[in-house]
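The opening position of the sequence shown corresponds to residue 1 in the working numbering, with each subsequent residue numbered one higher.
Idealized CB from N, CA, C, for every residue including glycine.
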Amino acid sequence: MADKNQIPDVLADRYASAAMAAIWSPEGKVKAERRFWVAVLEAQRALGIEVPDGVVEAYKLVIDQVDLESIRERERITRHDVKARIEEFCALAGHEHIHKGMTSRDLTENIEQLQVRDSLRLVRDKLVAVVCALGPQADTHAELVMVGRSHNVPAQATTLGKRFANYGEEALAVLGRIDDLLGRYQLRGLKGPVGTQQDQIDLFLGEADKAAELEDWVATSLGFADTLASVGQVYPRSLDYDVVTALVQASSAPANLARTIRLMAGHGLISEGFQAGQVGSSAMPGKRNARTSERICGLSAVVQGYADMVAGLVGDQWNEGDVSCSVVRRVALPGAFFAIDGQLEGALTVLGELEVFTAEIESELTQHLPTLLSTVYLTTAVTAGAGREKAHQVISEHLTAFNAKLQVASGNNRAAMAAVALDDFISDLSSDGRLSLGPEAIIRIASNRLRLAGAAADQARAFAARAQELAAQYPDTAHYQPESIL
């Protein structure tokens, strides 16, 4: 069956970037395996294993000659994927010298770990780009005071810059985890069928030191600083869980950002952008839904689903190993990376095309200002000597009156009514002697809106400064531009 008739991998085809898809592509994997076989063969030759002249060179010449259908035909006969790829490579080279002293897992485990390592690096780079894209947003909107919500209802004032900083801070935390994971990620190495390296030792006529040297040589050629000292046929699947749960954590910041954008877009405060020719709905010509943000949130659930799959492999290895985990890992490892890659691509697209509607943010702030003022008035009254519960009751009475006035307003009248009701609220509160606050203090507090947001502006700028430092640390990836998304 030709490739064009096969059902595509939706995650790889629709959501992942070309760079991430290439790491896990069937053709890319075959080439990586062939380079691995050649590296092992060259190391074996250098350590004394006899390899005729021209053999290594013959293999190198055909590394890129990948015929997936031919390999599939061989697998239909052998019912063994690795054996099929060995036969294909040897047939192309005209020699049978690769895979000496190796079992299938010596190939597949190390190549999969190479794919995981390279994918983690790509995720790290795009997380850096997300943090660096959030930095300017936090700085630009550091003093744009807006309604802060807890439980999705107005609570206290914050700034839009502070809101962006929140998600940037979360991304920085997982960036540290991924850097740590990359620093300690160990290769399985050449361990043989049960982890004893017996076949390599036999190949070197009992010289265990040379088998160990071969393993170190190969690990270095793949860019790994260390190998696992003692494993069975497979490396512990808890390591895969460590990787995929790191991706779950990495998915949280873009998902939280996207969910907030969706909520704000519903109130007309922000838009993820709408490009020329874009269509929001096939039925409603004027619709502008936050479609990329919705995608980001959906992909977060996909990453979490793969973590659940990989969790089922933890603590499920039989003796020195088995292959029951193969089907799960073949789906879950690339799938989790495709999903997080799609999230990060989407987040960068949204941050690059974002539109902020300051007038609408100001209007919403005015409508909810008494609620946002209430905790400041409460604390100030208590400081001035009022009883806390009494002050709480007095402020609640005036808030109830304010909300009652707003309830009768609708449509275009609501904004105008909110301004009038706000003036009445401040006036009524100023004349209420039960608070131990004079009119001057009440008016002064209401007039300084940035003061209501506490340290929000400073926090936003502090994050923006950290983002600038990160950009200086990673100049090649800080300004990565996402691919054009479907």
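>> Less than 7 angstroms between C-beta atoms, sequence neighbours within five positions excluded: which residues of the same chain meet that for Ala-43?
In response: Leu-214, Trp-217, Val-218
> Buried or exposed: which applies to Ala-173, given that a residue is buried once 16 or more other Cβ atoms fall within 10 Å of its Cβ?
Replying inline: exposed
> Hey, quick one: how far does the alpha helix (DSSP H) through Pro-334 stretch, first residue to last?
Replying inline: 326 to 353
> Taking the alpha helix (DSSP H) that Ser-396 falls in, what are its first and last residues?
Replying inline: 388 to 407
> My guess is that Leu-181 and Val-243 are in contact by the Cβ rule of under 8 angstroms, so how many angstroms apart are they, rounded?
Replying inline: 7 angstroms
> Based on Cα-Cα distance, which residue from Glu-397, Thr-371, Arg-444 lies nearest to Pro-154?
Replying inline: Thr-371
> With burial defined as no fewer than 16 other Cβ atoms inside 10 Å of the residue's Cβ, what is the status of Pro-482: buried or exposed?
Replying inline: buried
>> Could you tell me the alpha carbon to alpha carbon distance between Ala-386 and Gln-304, rounded to whole angstroms?
In response: 50 angstroms
> So, using beta-carbon positions, are Ala-381 and Leu-452 closer together than 8 angstroms?
Replying inline: no
> By Cβ distance below 6 angstroms, which residues in the same chain neighbour Tyr-480 in space, the five residues on each side in sequence not counted?
Replying inline: Ala-129
> What residue range is occupied by the uninterrupted alpha helix (DSSP H) comprising Thr-292?
Replying inline: 291 to 311
> Can you tell me whether DSSP reads Gln-8 as helix, strand or coil?
Replying inline: At residue 8 the sequence reads Pro, which differs from the Gln that was named. Three-state DSSP puts Pro-8 in coil, outside helix and strand.
> Anyone know if the C-beta pair for Ile-71 and Glu-50 falls short of 8 angstroms?
Replying inline: no
> Helix, strand or coil for Val-145 per DSSP?
Replying inline: strand
>> Beta-carbon within less than 7 angstroms of Leu-269's beta-carbon, same chain only, minus the 5 sequence neighbours each way: which residues are those?
In response: Phe-357, Glu-360, Ile-361, Glu-364
> Taking the alpha carbon of Ala-441 as the point to measure from, which residue in Ala-290, Phe-463, Leu-378 has its own alpha carbon closest?
Replying inline: Leu-378
> In chain order, what residues of the same chain have a beta carbon less than 6 angstroms from the beta carbon of Ile-201, not counting five sequence neighbours either side?
Replying inline: Ala-208, Ala-211
> When DSSP labels each residue in this structure, what does Ile-201 get in the three-state scheme?
Replying inline: helix
> Looking at Arg-237 and Val-314, is the spacing between their C-beta atoms short of 8 angstroms?
Replying inline: yes
> Cα separation between Ala-265 and Val-147?
Replying inline: 14 angstroms
> What is the C-beta distance between Val-302 and Ala-339, in whole angstroms, given that I count them as a contact (C-beta under 8 angstroms)?
Replying inline: 4 angstroms
> Hey, which unbroken runs of the alpha helix (DSSP H) at 4 residues or more fall wholly within the segment 62 to 96?
Replying inline: 68 to 78, 81 to 93
> Whole-angstrom Cβ separation of Glu-272 and Val-350, contact assumed at under 8 angstroms?
Replying inline: 5 angstroms
> Taking the C-alpha atoms as reference points, what is the distance between Ala-2 and Leu-205?
Replying inline: Confidence at Ala-2 is low in this model, with a pLDDT of 43, below 50, so its placement is unreliable and the value that follows should be read with caution. Cα-Cα distance, rounded: 46 angstroms.
>> Considering only DSSP beta bridges, list what Lys-214 is partnered with.
In response: It should be noted that the sequence gives Leu, not Lys, for residue 214. Beta-bridge pairing links Leu-214 to no other residue.
> Which of helix, strand or coil does DSSP assign to Gln-249?
Replying inline: helix
> If we count Cβ pairs, one from each stretch, closer than 8 angstroms, do we get three or more for the segment 322 to 331 versus the segment 241 to 255?
Replying inline: no
>> Tell me the residue span of the beta strand (DSSP E) that contains Val-153.
In response: 153 to 159
>> Give me the DSSP bridge partner(s) of Ile-270.
In response: Val-356
> Buried or exposed: which applies to Ser-447, given that a residue is buried once 16 or more other Cβ atoms fall within 10 Å of its Cβ?
Replying inline: exposed
>> Please determine whether the Cβ atom of Glu-397 lies at a distance below 7 angstroms from any heavy atom of the ligand NAD.
In response: No copy of the ligand NAD appears in this structure; indeed no ligand is present at all.
> Given that a residue counts as buried once 16 or more other Cβ atoms are within 10 Å of its Cβ, and exposed if not, what is Thr-400?
Replying inline: exposed
> With distances taken between CB atoms, is the gap from His-398 to Phe-425 smaller than 8 angstroms?
Replying inline: yes
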